[in-house]
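First up is the structure itself, then whatever we jot down about it.
Protein chains: 2
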Amino acid sequence: MGHGGGGALSAELVENVFLPAFGGRTLAALGDSAALSLGGARLAFSTDSFVVRPLFFPGGCIGDLAVNGTVNDLAMSGARAAYLSCAFILEEGVETSVVGRIAGALGDAARAAGVEVVTGDTKVVESGRGDGVYVNTAGIGLIPPGVDIRPQRARPGDVVLLSGEIGLHGVAVMSMRQGLEFGVEIESDCAALGGLVDAMLAVTPDLHVLRDPTRGGLAAALNEIAAAAGAGVVVDERAVPVPPQVASACAVLGLDPMYVANEGKLVAFVPREHADGVLAAMRAHPLGAAAAVIGACVPDHPGMVVARTAFGGTRVVDLPLGEQLPRIC
Amino acid sequence: MGHGGGGALSAELVENVFLPAFGGRTLAALGDSAALSLGGARLAFSTDSFVVRPLFFPGGCIGDLAVNGTVNDLAMSGARAAYLSCAFILEEGVETSVVGRIAGALGDAARAAGVEVVTGDTKVVESGRGDGVYVNTAGIGLIPPGVDIRPQRARPGDVVLLSGEIGLHGVAVMSMRQGLEFGVEIESDCAALGGLVDAMLAVTPDLHVLRDPTRGGLAAALNEIAAAAGAGVVVDERAVPVPPQVASACAVLGLDPMYVANEGKLVAFVPREHADGVLAAMRAHPLGAAAAVIGACVPDHPGMVVARTAFGGTRVVDLPLGEQLPRIC
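Here the protein sequences come in this chain order: Z and R.
Note that the first sequence covers residues -11 to 317 in my numbering.
Note that the second sequence covers residues -11 to 317 in my numbering.
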């Protein structure tokens, strides 16, 4: 299971199996989406399969997750999603009404994100060979001129911004799955981030890195950026907004919020001179109201993420090995 | 199972569930790929999930199928595939060596087709929730200027061309699955058709319709074209090349070769004045050596496909209801 968790085992599979087989410099850049040139246009292209369990959870379902996941991967290269493909693998016996509810949520999420579903596919597998519904989406978007956002561009001196509270998606799905109640219902933060990124780009096209901390959470996102850029990252743990209900749920479930998946948050590496302006623009957007400076990119310990703890110490924030929370997206 | 078979039940699911949910004129055009405009470029975009069983079969495996299936969908709008995404859903416990062999075949097929895998995703599901390996690909290609190939453009008077022998892919997979031996090994015709389409377009950009007869076979492809164009199609059964080993296997398996999936063939609707030239170009290409005129588009019985049988009679060739051969691609 760990090979799909977005941690070190996932990275190993990509590096040892997929990269040698597929080759190519674009894939090797390992961004959330690929930046391409085609017919004179600069395109971003990305894909994700969604295998979340259960299919419906507080705050969303596999349908809107499938739209927002891919729209956000495109947004992380500064691209506004334009077109989506959508492919269903249905398990024999799944109710048409369930497929209909998922398709409805998917269509609504696409309209909300301003993206059009233009092509699709449906396959059916025997009972016991699937799990109700799996959905794949791929997306294409245009990268605006002058924008070059990728993990390799993190630079010592960059300010690290986070768009809001972490842990909501993972905890919402996990509590649903385990039948846990925490007094207050925890809802997934599943949302499309294209509008927030547009607001940030209006301040400066020179954002260095954007990443949505999904599988593996904020810890995995920061580690991937540190590794890609060969730079160090320092995070101030007290500055990372963790909602109290996420903190309690994580305590019960034995999880660290830094490793829990989000589906409507982003982390940004921004040149110091633009940090205040970008932060203000984020806070003025509904999806960035709780945005905060959470750390900085530093010349020390290249490739490594270090957290300043609430008690004044420091600890290394590792890339998770396998999967804390399987099938979260 | 029938809802994934490419027949009438599939069409019903698309029309009653997906189209109302997703909306949009592009999706409603229901081509093998969507024709889009983005940043001044004319793009084709398509996706397919692959759930073929077994993963390896005579003449190919799920890896090259995943490349050729999507490359061919793009080629059916006249586009040369440029970029592919590739997403794996792995079942817990599948051997890394199996994933590696599939990835290797996928990479080789991509290089052979001149397309680059630029972005990907891997998910892992629990044992019993998948079937070894499912693969999704999505592809983007450029549509050359002046090319407008889609099912709606079939016109009475068009000549119907077929690029070669039918039934090889479906029978190869099915015989492998059922452990049947037919004396001669039957190999899948799995191949990328971009080069063949380029050769046809070099004769005239005014090809009206291209379709690769995959799920549901030649019968489904012709029915979809007849329905989309509101035109009739007449096929001369004796002119459709059926290899003797496919005919014998179909007799044993109780199948009609007209309904069996192909993965390296195309059917073309071509204006009469260009038919000879296009046929010659097809025959000069290795993947079109056995190309033949198999029928015509007619003003009679709009939306219906009629076959002239070997005995001089006629019969209606229906859209298959469900799935003759489940999980063939």
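Yeah, the Cβ is synthetic: ideal placement off N, Cα and C, and Gly gets one too.
The structure displayed is predicted, hence computed values, not measured ones.
For VAL240 (chain R), which of R:GLU169, R:VAL148 and R:ARG68 has the nearest alpha-carbon? Within the second sequence, numbered from 1, the residue matching residue 240 (chain R) stands at position 252. Closest by alpha carbon: R:GLU169.
Is it the case that the stretch 139 to 150 of chain Z contacts the stretch 102 to 109 of chain Z, given that we only count it when at least three CB pairs across the two stretches are under 8 Å? no
Check whether the stretch 188 to 206 of chain R touches the stretch 114 to 131 of chain R, taking contact to mean three or more Cβ pairs, one atom from each stretch, closer than 8 Å. no
May I ask you to list, following chain order, the residues of the stretch 99 to 121 of chain Z that have a beta carbon less than 8 Å from some beta carbon of chain R? ARG99, GLU104, VAL105, VAL106, THR107, GLY108, ASP109, THR110, LYS111, VAL112, VAL113, GLU114, GLY116, ARG117, GLY118 and ASP119
Is it buried or exposed for PHE38 (chain Z), if we count other Cβ within 10 angstroms and need 16 for buried? Here residue 38 (chain Z) refers to the residue found at position 50 when the first sequence is read from its first residue. When all chains shown are included, PHE38 (chain Z) counts as buried.
When DSSP labels each residue in this structure, what does LEU254 (chain Z) get in the three-state scheme? The residue given as residue 254 (chain Z) occupies position 266 in the first sequence. Residue state, collapsed to three classes: coil.
Meets three-Cβ-pair contact criterion under 8 Å: the stretch 62 to 69 of chain Z and the stretch 127 to 134 of chain Z: yes
Check for me: the beta strand (DSSP E) holding VAL234 (chain R) runs from which residue to which? The residue you call residue 234 (chain R) lines up with position 246 of the second sequence. First-last for VAL234 (chain R): 232 to 241, but that is the alpha helix (DSSP H), not the beta strand (DSSP E).
Could you give the distance in angstroms between the alpha-carbon of VAL191 (chain Z) and the alpha-carbon of ARG303 (chain Z)? Translated into the one-based positions of the first sequence, residue 191 (chain Z) becomes position 203. Translated into the one-based positions of the first sequence, residue 303 (chain Z) becomes position 315. The alpha-carbon atoms of VAL191 (chain Z) and ARG303 (chain Z) are separated by roughly 34 Å.
Just mark GLN166 (chain R) as buried or exposed, buried being the case when its beta carbon has 16 or more other beta carbons within 10 Å. On the second sequence, residue 166 (chain R) is found 178 positions in, with the first residue counted as 1. By the neighbour-count rule (16 or more Cβ atoms within 10 Å), GLN166 (chain R) is not buried but exposed.
Grab the span of the alpha helix (DSSP H) containing VAL86 (chain R) for me, first residue to last. Looking up residue 86 (chain R) in the second sequence gives position 98. Segment 84 to 101, the alpha helix (DSSP H) holding VAL86 (chain R).
May I ask you to report which of helix, strand or coil DSSP gives PHE299 (chain Z)? Against the first sequence, residue 299 (chain Z) aligns to sequence position 311. Reduced to three states, the DSSP call for PHE299 (chain Z) is coil.
Selected residue, minimal CA-CA separation from VAL82 (chain Z), among Z:THR58, Z:ALA16 and Z:GLU114: Residue mapping note: residue 82 (chain Z) aligns to position 94 of the first sequence, counting from 1. For the residues Z:THR58, Z:ALA16 and Z:GLU114, the minimum Cα distance to VAL82 (chain Z) belongs to Z:GLU114.
Flag this pair as yes or no: are the beta carbons of THR35 (chain R) and THR58 (chain R) separated by less than 8 Å? Indexing the second sequence from 1 puts residue 35 (chain R) at position 47. Indexing the second sequence from 1 puts residue 58 (chain R) at position 70. Cβ distance < 8 Å, so THR35 (chain R) and THR58 (chain R) count as in contact.
For chain R, find out if any of its Cβ atoms is closer than 8 Å to the Cβ of HIS(-9) (chain Z); answer yes or no. Translated into the one-based positions of the first sequence, residue -9 (chain Z) becomes position 3. Yes, contact with chain R.
What residues are listed by DSSP as bridge partners for TYR247 (chain Z)? To locate residue 247 (chain Z), count along the first sequence from 1; it is residue 259. Answer is none; TYR247 (chain Z) lacks a bridge partner.
Check whether the Cβ of ALA22 (chain Z) lies closer than 8 Å to any Cβ atom in chain R. The sequence position of residue 22 (chain Z) within the first sequence is 34, counting from 1. Yes - at least one Cβ of chain R is within 8 Å of the one on ALA22 (chain Z).
Contact between the stretch 272 to 281 of chain Z and the stretch 209 to 221 of chain Z is defined here as three or more beta-carbon pairs at a separation below 8 Å; is this criterion met? no
Just the C-alpha distance for GLY(-6) (chain Z) and VAL159 (chain Z), rounded to the nearest angstrom, thanks. Within the first sequence, the letter at position 6 stands for residue -6 (chain Z). Within the first sequence, the letter at position 171 stands for residue 159 (chain Z). Cα-Cα distance, rounded: 17 Å.
Taking just the CA atoms, how far does TYR247 (chain R) sit from VAL230 (chain R)? Position 242 of the second sequence, counted from the start, is the residue given in the question as residue 230 (chain R). Position 259 of the second sequence, counted from the start, is the residue given in the question as residue 247 (chain R). Answer to the nearest angstrom: the Cα atoms are 12 Å apart.
Hey, does LEU267 (chain R) have any beta-carbon neighbour from chain Z nearer than 8 Å? Reading the second sequence from its first residue, position 279 is the one you call residue 267 (chain R). No, LEU267 (chain R) lies away from the interface with chain Z (no Cβ there is under 8 Å from its Cβ).
Segment contact, 8 Å Cβ cut-off, at least three pairs: the stretch 19 to 31 of chain R with the stretch 72 to 92 of chain R: no
I need the straight-line Cα distance from ASP20 (chain R) to ASP136 (chain R), nearest angstrom please. Start at 1 with the first residue of the second sequence, and residue 20 (chain R) comes out as number 32. Start at 1 with the first residue of the second sequence, and residue 136 (chain R) comes out as number 148. Those two C-alpha atoms are separated by around 13 Å.
Give the C-beta separation of ALA298 (chain R) and GLU225 (chain R) to the nearest angstrom, bearing in mind that I take them to be a contact with Cβ-Cβ under 8 Å. Working through the second sequence from its first residue, we reach residue 298 (chain R) at position 310. Working through the second sequence from its first residue, we reach residue 225 (chain R) at position 237. Confirmed, Cβ separation roughly 6 Å.
Endpoints, the beta strand (DSSP E) within which THR202 (chain R) is located: The sequence position of residue 202 (chain R) within the second sequence is 214, counting from 1. No beta strand (DSSP E) contains THR202 (chain R), which DSSP labels as neither H nor E.
Using a Cβ-Cβ cut-off of less than 7 Å, give me the residues of the stretch 56 to 72 of chain Z that come near chain R, in sequence order. ALA70 and TYR71
Could you tell me which whole alpha helix (DSSP H) segments of length 4 or greater appear in the stretch -9 to 43 of chain Z? -4 to 1, 7 to 10 and 13 to 16
Who are the Cβ neighbours of ARG89 (chain R) in its own chain at under 6 Å, not counting the five residues just before and after it? Taking the second sequence and counting its residues from 1, the one referred to as residue 89 (chain R) is at position 101. Result list for ARG89 (chain R): empty, nothing under 6 Å.
Go ahead and pull the three-state DSSP assignment for ALA277 (chain R). One-based indexing of the second sequence puts residue 277 (chain R) at position 289. ALA277 (chain R) falls in the coil class under three-state DSSP.
Using DSSP bridges, identify the partner residues of ASP109 (chain Z). By one-based count along the first sequence, residue 109 (chain Z) stands at place 121. Per DSSP, Z:ALA75.
Given this structure, state the Cα-to-Cα distance separating GLY12 (chain Z) from GLY242 (chain R), to the nearest angstrom. One-based indexing of the first sequence puts residue 12 (chain Z) at position 24. One-based indexing of the second sequence puts residue 242 (chain R) at position 254. Looking at the two C-alpha atoms, the distance is approximately 45 Å.
Would GLY220 (chain R) and VAL286 (chain R) qualify as a contact pair, given that the criterion is a beta-carbon distance under 8 Å? By 1-based counting over the second sequence, the position of residue 220 (chain R) is 232. By 1-based counting over the second sequence, the position of residue 286 (chain R) is 298. The answer is yes: Cβ separation under 8 Å.
Are the C-beta of LEU26 (chain Z) and some C-beta of chain R separated by less than 8 Å? By 1-based counting over the first sequence, the position of residue 26 (chain Z) is 38. For LEU26 (chain Z), the answer is yes, since a Cβ of chain R falls inside 8 Å of its Cβ.
Does the ligand ATP have a heavy atom nearer than 7 Å to the CB of ASP52 (chain Z)? Absence of the ligand ATP is noted for the structure shown, with no ligands found whatsoever.
Within-8 Å CB hit, GLU212 (chain Z) to chain R: For the purposes of this step, residue 212 (chain Z) is identified with residue 224 of the first sequence, where counting begins at 1. Output row for GLU212 (chain Z): interface = no.
Partner residues on chain Z for THR35 (chain R), Cβ-Cβ distance less than 8 Å: Counting from 1 along the second sequence, the entry for residue 35 (chain R) is found at position 47. In chain order: SER73, CYS74, ALA75, THR107, GLY108, ASP109, ASN124 and ALA126.
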